[in-house]
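Here is the structure we will look at, set down as structure tokens.
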Amino acid sequence: MRPGEGRETFLADSNGRVLHHVFVYAGPESLVLHAGAGSGPSLCSHLDHYLIREDVQFHDRSSEWGELLLAGPQSAEVLQPLIGTNLPGGDAYLACSCADWEGRQVMIRRVQERGFHSCQLAGAAADMGPLWRALRRLGATACGMRALETIRIEEGFPVVGLDITEKSLPQEVGRNEKAISFNKGCYLGQEIVARIDSRSAVNKVLSGIRFQSSEVPPCGGSLTHGDQAAGQITSAAYSPNFGASVALAYVKRQFHEPGTVLDSAWGPATVVELPMRTTNTGSG
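Counting from 1, one number per residue, gives the positions in the sequence shown under the working numbering.
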């Protein structure tokens, strides 16, 4: 990786099960690893365990850093006056850059692959409040965690502990093109990942689900097809875009094609492509 580039990856155990879902950003002199909330100590411990002779140091910055997400069709225009010309280059997924804002260092990461800019702004935790207020003054609209959770599900972005557990295999998460290299060798779990690839299938895949009602099903809710168990919900929320609830669920291979209608206690549930798309392009 060259400075300014980013990669999405999994860290697996020797049985091919996912330990961490990680985003790696290359700075001028170091790599920044962004992982699930609370995973800093275990991630550093895992990496340090396999450090042999390389001149590498690991630092858990999770208690020192904070993050904001700026998303929407006008997000680039809102951000530009604050950081000048240091927006991540082009439309490259996970491109990153560092900028100086009023003497504060801010890392900017492009975290959406398609469509308008969606930037994660990272820096010292104490700087996030002033940065949030500066963005508001420039026209950004604040949103809450419920809105963020809905967008996360519509985008098909998995969360460790909900959509990814210690039982998950990398290919089940459905991010093969983004997070798995099938040409790379010598990593934990490689044999299992390669075996699944050679057989071209896993038994279940994390899929998008759209309901017809606004009732939000609980995590762990069951999906069926006739009298057969078809899947299990991992995350769900109400979507104003669709006027109904949406979810992520592990759906069995024979039922996961988009357009398949499944049954549930909350009414019909249709398997949909990820990311979910509507004609609504409103900002947030």
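For each residue, glycine too, the CB sits at the ideal point set by N, CA and C.
Answer yes or no: does any C-beta atom of chain B fall closer than 7 Å to that of residue 189?
As a matter of chain content, chain B is missing from the structure shown, which is built from one protein chain.
State the CB to CB distance for the pair residue 237 and residue 164, rounded to an integer number of angstroms; the pair is presumed to be in contact (CB under 8 Å).
Sequence index remark: in the sequence shown, residue 237 carries index 237 (1-based). Sequence index remark: in the sequence shown, residue 164 carries index 164 (1-based). Actually they do not touch by this definition, with Cβ atoms about 17 Å apart.
In whole angstroms, give me the CA-to-CA distance for residue 254 and residue 205.
The residue you call residue 254 lines up with position 254 of the sequence shown. The residue you call residue 205 lines up with position 205 of the sequence shown. Rounded to the nearest angstrom, the two C-alpha atoms are 10 Å apart.
Based on the DSSP secondary-structure assignment, which residues constitute the bridge partners of residue 108?
Translated into the one-based positions of the sequence shown, residue 108 becomes position 108. Bridge partners of residue 108: 97 and 121.
If contact is defined by three or more beta carbon pairs under 8 Å, each pair taking one atom from either stretch, is the region 70-78 in contact with the region 123-130?
no
Just verifying my parser: in three-state terms, what is the DSSP assignment at residue 129?
Taking the first residue of the sequence shown as position 1, residue 129 is located at position 129. Residue 129: helix per DSSP, three-state reduction.
Opposing strand residues paired with residue 222 [DSSP bridges]
Locating residue 222 in the sequence shown gives position 222, where the first residue counts as 1. Bridge partners of residue 222: 232.
Can you list, in chain order, the residues of its chain with a C-beta nearer than 6 Å to that of residue 36? Leave out the 5 residues immediately preceding and following it.
One-based indexing of the sequence shown puts residue 36 at position 36. For residue 36, the CB contacts under 6 Å within the same chain, skipping 5 residues up- and downstream, are 160 in chain order.
Under the three-state DSSP convention, the category residue 9 falls into
For the purposes of this step, residue 9 is identified with residue 9 of the sequence shown, where counting begins at 1. Strand at residue 9.
For residue 263, which residues does DSSP report across the bridge?
Reading the sequence shown from its first residue, position 263 is the one you call residue 263. Looking at the DSSP assignment, residue 263 forms a beta bridge with 224.
Pull up the DSSP beta-bridge partners for residue 210, would you.
Position 210 of the sequence shown, counted from the first residue, corresponds to residue 210. Residue 210 is bridged to 246 and 270.
Can you find the residues in the same chain that come closer than 8 Å, C-beta to C-beta, to residue 132, ignoring five residues on each side of it along the sequence?
If you number the sequence shown from 1, residue 132 lands on position 132. Within the same chain, Cβ atoms closer than 8 Å to the Cβ of residue 132 are found at 68 and 142, the five residues on either side in sequence being excluded.
Restricting to Cα atoms, I'd like to know which of 21, 30 and 11 is closest to residue 1.
By one-based count along the sequence shown, residue 1 stands at place 1. Considering only alpha carbons, the answer is 30.
Name the one or two DSSP bridge partners that residue 67 has.
Taking the sequence shown and counting its residues from 1, the one referred to as residue 67 is at position 67. Its beta-bridge partners are 122.
What number of angstroms, rounded off, separates the C-alpha of residue 9 from the C-alpha of residue 266?
Residue numbering aside, residue 9 sits at position 9 when the sequence shown is read from its first letter. Residue numbering aside, residue 266 sits at position 266 when the sequence shown is read from its first letter. Across the structure, residue 9 and residue 266 are spaced so that their CA atoms are roughly 34 Å apart.
Is the beta carbon of residue 171 less than 7 Å from the beta carbon of residue 196?
Position 171 of the sequence shown, counted from the start, is the residue given in the question as residue 171. Position 196 of the sequence shown, counted from the start, is the residue given in the question as residue 196. Yes; because the gap between Cβ atoms is below 7 Å, this pair is in contact.
Going straight from the alpha carbon of residue 268 to that of residue 151, what length do you get?
Residue 268 sits at position 268 when you count from the first residue of the sequence shown. Residue 151 sits at position 151 when you count from the first residue of the sequence shown. It is roughly 21 Å from the alpha-carbon of residue 268 to the alpha-carbon of residue 151.
Selected residue, minimal CA-CA separation from residue 201, among 256, 274 and 145
Stepping through the sequence shown from its first residue, residue 201 is reached at position 201. In terms of CA proximity to residue 201, 256 leads the group 256, 274 and 145.
Within 10 angstroms of its Cβ, does residue 261 collect 16 or more other Cβ (buried), or is it exposed?
Translated into positions along the sequence shown, residue 261 becomes position 261. By the neighbour-count rule (16 or more Cβ atoms within 10 Å), residue 261 is not buried but exposed.
Per the contact definition of three or more C-beta pairs closer than 8 Å, is the region 186-195 in contact with the region 12-27?
yes
Just confirm the distance between the C-beta atoms of residue 138 and residue 208, as a whole number of angstroms; I'd bet it's less than 8 Å.
Looking up residue 138 in the sequence shown gives position 138. Looking up residue 208 in the sequence shown gives position 208. Their Cβ separation, rounded to whole angstroms, is 33 Å, which puts residue 138 and residue 208 out of contact at 8 Å.
Over what stretch of residues does the beta strand (DSSP E) that includes residue 31 continue unbroken?
Counting from 1 along the sequence shown, the entry for residue 31 is found at position 31. That run of the beta strand (DSSP E) goes 31-34.
Tell me, please, which residues DSSP counts as bridged to residue 78.
Residue 78 sits at position 78 when you count from the first residue of the sequence shown. Paired residue(s): none; residue 78 is not in a bridge.
Tell me the rounded alpha-carbon separation between residue 249 and residue 242.
Residue mapping note: residue 249 aligns to position 249 of the sequence shown, counting from 1. Residue mapping note: residue 242 aligns to position 242 of the sequence shown, counting from 1. Each residue's Cα considered, the two are about 18 Å apart.
Under 6 Å Cβ to Cβ from residue 94, same chain only, skipping five residues before and after it: list those, please.
Along the sequence shown, read from residue 1 onward, the residue named residue 94 stands at position 94. Correct list, in chain order: 6.
Measuring alpha carbon to alpha carbon, tell me which of 272, 18 and 245 ends up nearest residue 251.
Locating residue 251 in the sequence shown gives position 251, where the first residue counts as 1. The candidate whose alpha carbon is nearest that of residue 251 is 272.
What whole-angstrom Cβ distance do residue 19 and residue 46 have, given they're in contact under 8 Å?
Your numbering for residue 19 matches position 19 in the sequence shown. Your numbering for residue 46 matches position 46 in the sequence shown. Correct: roughly 6 Å between the Cβ atoms.
Just grab the DSSP bridge partners of residue 25 for me.
Counting from one through the sequence shown, the residue named residue 25 turns up at place 25. DSSP lists 6 and 32 as partners of residue 25.
For residue 64, the nearest candidate out of 96, 105, 109 and 185 (CA to CA):
One-based indexing of the sequence shown puts residue 64 at position 64. Cα-wise, what sits closest to residue 64 is 105.
DSSP state of residue 286 mapped onto helix, strand, coil:
Only positions 1 to 284 of the chain appear in this structure, which leaves residue 286 out of reach.
Beta-carbon separation of residue 285 and residue 110 under 7 Å?
Outside the displayed range of the chain (1 to 284) lies residue 285, so it cannot be described from this structure.
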